[in-house]
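All remarks here apply to the structure that follows.
Residue numbers (the numbering used here): 28 to 133.
Written out as structure tokens, the structure reads:
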């Protein structure tokens, strides 16, 4: 499965994870929260899965999809959502090819 990752600098990562947790609890657009742990979330976007992890000075975003086209579409949606949420702090999502352990094996 293709994977993309982004590391978004912010000193308020935990706050953003909490805010996103509340947002996705309402299942907007059919998206659903699969996991909600301390400082991390796993969200089913329908065509991709999105893991969010709060670290001390950054949000770590990880997307997985069945193919590159779906990954590209999901990455645009996720970046738009995160940047809108963090507009006051000037959050910017810059995706890069991911690697490592897939979401379902963490």
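Where is the CB? At the ideal position from N, CA and C, for every residue including glycine.
These figures come from a predicted structure and were not determined experimentally.
- In the three-state reduction of the DSSP assignment, residue 116 falls in the helix class.
- If you ignore the 5 residues before and after residue 110, its C-beta comes within less than 7 Å of the C-beta of 118, 119, 120, all in its own chain and listed in chain order.
- An exposed status is given to residue 42, since fewer than 16 other beta-carbon atoms sit within 10 Å of its beta-carbon.
- Residue 41: member of the alpha helix (DSSP H) spanning 40-51, first to last residue.
- In the three-state scheme derived from DSSP, where H, G and I count as helix and E and B as strand, residue 67 is classed as strand.
- For residue 59, the closest C-alpha among the options 47, 83, 65 is that of 47.
- Apart from the 5 residues on each side of it in sequence, residue 73 sits with its Cβ closer than 7 Å to the Cβ of 57, 58 in its chain, given in chain order.
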